[in-house]
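Remarks on the structure that follows.
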Amino acid sequence: MVEHLSEGDFNPRDTTNHKLTLNAQDFYGLFGEAMRKKGSGKKGGIVLFLNTLPFERVIRMLHEKFQLEDTDEDISYGTKFSLSLSFDRELNLLPDNTFLTESAYFLEVNSILDEDKFQQYEEEQKETIEKLFYAEEEDGHRDTHTSKATPRKFFNRAMRKFITHYNLQDGQCYYRAVKNLDSDVTNLHSFFVDDLQRAKETSTKNLDAYLYQQVHNDRVDLDANQKSPNFNPLPFYDILQPKYYQLGRFPSHPEYALSLMQQVAVNLSTHCGDEQIRSVNGPPGTGKTTLLKDIFAELIVQQSYEMALLQGKNFDVPGSNGPDGIGELPDSIADKGIVVASSNNGAVQNIVNELPFTKEVDHSFQEALIKADYFTEIANSDAKEEWVQGEDSKKHKSFVVKPTDSEDPNKFWGLFSLEGGRKANVEKITTDIDRIVKYFDEHVPNDGVYAEFLDAYKKQEQERDKRQSAVDTLNQVSVLESQLNSHKTDFTREYQEREANLKQLPAQVERTIRQIQSRIGLLQAQKQQIHQSRVENADREATLNQQIDALKLQKPGVLQLSKKREYDQKMAGYSTALQDVIGKKQELKEAEVKQDRLIAQKQAAGQQAQTQLKQEQADFEAWKYEQLYNMQQEEQQLAQRKQENAEFSYPRLNLNEDYDKLEISNPWFDEEYRIQQSKLFILALRVRKQFLYDNRKSLSKATWIWGDQQKFMNENPDLIVKAWHWINLTIPVISTTFASSSRMFKNLPPETIGRLFVDEAGQALPQASVGAIMRSRNVMVVGDPAQIKPVLTLDSKVLGLLGRHYFEGLRNPDDLAETYISENSSTQTLIDAIGKYGFYKDKEKTDWIGIPLWVHRRCQYPMFDISNDVSYNGNMVQGNKGDGAAKWFDIGGSVNNKYVSKQGQLLHYLIKKMAQKNHDILDPNKKDVTYVISPFKNVADRLKKELNSPDLKFTRRDHGKVTNIGTVHTFQGKEAPIVFLVLGADEKSKGAANWAMGSSNPNIMNVAATRAKKQFYVIGDLKLYRGLGSDVIKKTLEAIDQFNQRIQKSNTNADQKEDFTEQYEEGEPGVVDGKALLDALEKEFSSALPNAPQNTEAGTPNKPQEQRQQQRNVLPVTQNQQRQPQQDLRPIRNYQRQPQQNTRPAQNYWGNHRGQSRQNAYPAQNRQQRPQYQQSQRNSRPMPQIIKRRVDLNVPYEEKDEAKKLGARWDYKRKTWYVRPGSDLNEFRRWLK
């Protein structure tokens, strides 16, 4: 849906579009004349764009209908057409080219689209339109297209019917004549809809992972900072083993190695990782292009290795001269073909232009690279194909060749990379390959290069293996050291524990023995009691026996019944008592035995405690001896390993090193190895050239097939795949935008492209890359979501609405919407999320990005600090240590659509002032020195006009486009010594200010600051932006403040020493009073000559025409002009130049004029009576004492209003009153400290 709404873009200002007058009498003649002027051929025709409308109407409708909140996002919605018709050169309607936009349908149905209903609506309208352009014969029989029968009359009548039926509006309809209807009309359908539809029916490993967000469960966090809570050193020891390093290298400066994380990314992309899709996150200036160069170089080397190993080098099909005779490249070669894609056309052009640029190659390799001659002459010339008649009377293909640079025939060292995509670019590729085939007719082959390469490859591989062997030994040393240190640590800890325990053991044993003895005493006392009880029980038993015996003697006779009963009772009582005594006797006996046993046990326990003490002491001594012996053995083994590796002098990997030093380092290899890597790459190009020579017939067939794809799609589509592989082998790196790739590769099946590299992936919409990913076997995206986001034509509120609508009913619909169609969604964010290797940006491990690059080599301080603090949590490392300059010019004012005119005026004067010292700023023949950036398009547009005034001429254009002023998108991938960021906005547009600089959007500040290599200046209303409570503003001001404080203390920065704005700082280092500075600059530039009188009204010229005359007389300095100090040549009315001794130097607000005399200027009416006037002035008041620097005052509270009225200002940080430079100190003398 988002892509359908992007369809139908139309630019009314495009000069190829002509307004259609709807009441015209002869449309047939009008369109015919337009085609004649255009030179339309057989494939030409006319395209109508009808009922154009501002796309903002669609957005507004959605906001109103669904009650969406307004947004302050600065989005350029543009214009759409509602309907488009196409006619061939005979003005026959082409029904298949009729196109209705969903934007217009949106407005008609006033609702979110139902795709099925729209398709039905579209078919109905196409049928209606087709009927309107068919004629009915008088008898009602329609048998022919009327444009063939009565062309002019019918066509005009059909057009009028059509205009009436669709209620077309005057001023909203346009027509365009084109030379080729197939290729010249690209603003109809979305570039990506066909690929998206195809992707629905396709399944590849990469595509499924991308679309369905198949997240790795075993993510590897590449955090090398030992101070981080997520510090994870182990993966680095594995990834950075020498065996995973590349054998080839781009021939750039060999003294500079890749940084640590660059090398990690290269290793994972070439030899180490098993992923087929991965991402690299590179903040600005961290060398993304550099690592891509080395990956490309290694792929070239590996392809050449596969070529050299082949038994047969020729793959042409024998006996076939037709296209089916084209050879098929082995997968081991084809799967390393390189395509670079991006949404950013500038990124596409930059990388392919830089790769073959001879100046990008180290001077030590340039001669060898040129000598390798990878079609150097073809790379440095353009050719136009033509057919000429030869001596055999047959026509042959020939080329009219024109050098691209007549002054430098070797500007490009070879035909290494070319831009594809657009039809003209693809034609250049095929033309250059045809020229290569023709070049081979006279080329002398070199079959021996294969063996030469294999020998060099083997030597390089052996050197790498040697390093790996040494590293394995080093790893053993590291393992042994780690083990030994661990053992020592464990031994020390356990020894201390054991010794402490052992020292406590005697006391514990003594306490135990005392406790045992105490217990034994208690048991013995209890035993004594038991013994006494036994004695007493025995006495009782004897007494009872005696009583029984006595009773027996008194036993009555049989007849003494009463005595008998008494006897029996007594005897029973004695017997019972005796039984109890006997029972107790047994119990007491057992109790005594038990006591004896317990006493014996306690006595044994005491002896055991003493024995255990002796055993513990013996065990401790034995353990200590064993541990010391083992550590001694490990130390001997470690010393032996170190001795074996004593000669290894290469840089080593040490994850315990200082973080900054670690990130800049590259272990194991040295400059000599890098030299050999580059030489192997150059040799690989020679192998490639020879291999192409051996298969030159296939090259010729490849361009034949590629140029007539439609024919071969019907006959044998596999031939197109074979042709592409030969084309990509010949041109090793081919780039394209995503918009163009959908056309360039439309006939390639899935997984045909070997290696896809997406540059600036953070700017690519998720849907833009689907087709390229679907067609690729291996994908690597490079970018930075913390920089420029994808360009959207829908605001975040509408995107959220569409997301909720289309993801409704699914689990976590809000998360799905945020992932796929939010303002933060990009190809980079989607592939970041599914990457195995990456980095957690937070302690909670929720914010995951791809492989990070941290070493920044572009900007000086404090631009580096601003970027690092605002967007990268301080993880970046400065590789370009040096001090630049940064200020915040605090100035507000009235606003017109976020443009503050006073900010524009201040910028105007600042550039003018800076150009007095650096003439290159305004020299159109020099490379851009200064960029002007704004978050808002209208501000940028107004600045383009302000800075293009006759007295400045700062605005520069290339093919009609301004190159040095614009929004952040204008400057992605660019850099300049000086950058101004003009913020605009006021309290009424505070929402827009928050969108640009709020805590949730650090990207704009990040991009702006990192465009500046040396100087960065922000122009904005400080109170407004500080009032946002934004972390972006807070961190930016902190970085500027800390930097300027440091510079003021050290006083070492040359730029700062000559800073003409320092005297206007508001008491906060780096914050300049922009209004006061503007007033001063206006006075300076409005003065006519050094001795000219000042106008009393704000220092403006006496007359407007005088100012215009001044602007005409101040001309920009050109390269051929002798640079002289800028003078104001404006004529001064009623003024005659006075003798030099009587003139007064104009007040200079920035220069250093200590020691110069100062005289009062004389009003014109008193010039003839100068001495008298001078005397009267001296008598009336003292001579003004104009100060050049800030002076602090001691103002009592009750006098603050008086001081303020005279011009004193309050410094809220220093808590003191002060006066600014240019003030008369006499007015404030009573308050001097």
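Residue numbers for the sequence shown follow the numbering used here, so the first one is 108 and each next one is one higher. Each residue gets a CB set at the ideal place from its N, CA and C atoms; glycine is no exception.
Terminal residues of the continuous beta strand (DSSP E) containing residue i?
i: Pro1084; result: Ala1083 to Val1089
i: Leu525; result: Ser524 to Glu526
i: Ala448; result: Ile445 to Ser449
i: Val154; result: Gly152 to Leu157
i: Asp765; result: Here Asp765 belongs to no beta strand (DSSP E), and DSSP marks it neither H nor E.
i: Tyr281; result: Tyr281 to Val285
i: Asp539; result: Per DSSP, Asp539 belongs to no beta strand (DSSP E); it is in the alpha helix (DSSP H), Lys530 to Tyr546.
Going by the DSSP bridge assignment, what does residue i pair with across the sheet?
i: Lys491; result: Val507
i: Met887; result: Arg385 and Phe864
i: Trp995; result: Val1125 and Val1178
i: Val1069; result: Arg1064
i: Glu1172; result: Val1179
i: Pro959; result: Asn388
i: Asn519; result: Before going on, a small fix: residue 519 reads as Phe here, not Asn. Beta-bridge pairing links Phe519 to Phe464.
i: Gly945; result: Asp328
i: Trp1317; result: Trp1324
With H, G and I counted as helix, E and B as strand and the rest as coil, what does DSSP make of residue i?
i: Val1298; result: strand
i: Asp866; result: strand
i: Tyr481; result: strand
i: Val1326; result: strand
i: Ala1205; result: Low confidence applies here, because Ala1205 scores a pLDDT of 35, under 50, leaving its location unreliable; read the following figure in that light. The answer is coil: DSSP assigns Ala1205 none of H, G, I, E or B.
i: Ala1119; result: strand
i: Arg748; result: helix
i: His125; result: strand
i: Asp1148; result: helix
i: Asp939; result: helix
i: Gln174; result: coil
i: Leu1339; result: strand
i: Val700; result: helix
i: Asn339; result: coil
i: Leu160; result: strand
i: Gln985; result: strand
Taking residue i as the reference, which of the options has the closest Cα?
i: Asn987; options: Lys1019, Glu951, Ser1096 and Lys1121; result: Lys1121
i: Asn644; options: Glu694, Leu214 and Asn931; result: Glu694
i: Asn1045; options: Leu462, Ala649 and Ser183; result: Ser183
i: Gly115; options: Asn158, Thr122 and Leu137; result: Asn158
i: Asn582; options: Gln639, Pro892 and Leu760; result: Leu760
i: Thr934; options: Gly814, Leu1135 and Ala448; result: Ala448
i: Asn374; options: Leu1184, Asp277, Phe138 and Arg356; result: Arg356
i: Tyr674; options: Ser210, Lys691, Glu209 and Gln654; result: Gln654
i: Glu492; options: Ser450, Thr1168 and Thr538; result: Thr538
i: Ile1140; options: Ser974, Ala563, Val1007 and Thr483; result: Ser974
i: Val408; options: Gly444, Asp431, Pro349 and Asp515; result: Gly444
i: Lys1060; options: Gly1098, Val1075, Asn982 and Lys1019; result: Lys1019
i: Arg1327; options: Val1114, Asn1333, Arg1297 and Lys126; result: Arg1297
i: Ile689; options: Pro873, Thr650 and Ala712; result: Thr650
i: Asp1035; options: Arg1118, Asn1113 and Glu1053; result: Arg1118
Over the uninterrupted alpha helix (DSSP H) stretch that includes residue i, give me the two end residues.
i: Gln1292; result: Neither: Gln1292 is in no alpha helix (DSSP H) and is coded neither H nor E.
i: Tyr317; result: Lys312 to Leu318
i: Ile627; result: Val556 to Leu660
i: Pro258; result: Pro258 to His272
Does the beta carbon of residue i come closer than 9 Å to any beta carbon on chain B?
i: Ile838; result: The question asks about chain B, but that chain is absent: this structure has only one protein chain.
Check your understanding: Which runs of the alpha helix (DSSP H), 4 residues or longer, sit entirely within the segment 192-225?
Key -> Listed in chain order, the alpha helix (DSSP H) elements of length 4 or more contained wholly in the segment 192-225 are 209-216.
Check your understanding: Which runs of the alpha helix (DSSP H) fall wholly inside the segment 800-869 and span at least 4 residues, in chain order?
Key -> Listed in chain order, the complete alpha helix (DSSP H) runs (minimum 4 residues) inside the segment 800-869 are 803-814, 816-822, 825-837 and 845-851.
Point to revise | Start-end ranges of the alpha helix (DSSP H) lying completely within the segment 357-441, minimum 4 residues | key: Listed in chain order, the complete alpha helix (DSSP H) runs (minimum 4 residues) inside the segment 357-441 are 367-377, 395-416 and 438-441.
Point to revise | Minimum length 3: unbroken beta strand (DSSP E) runs contained in the segment 1018-1053 | key: Runs found: 1037-1040.
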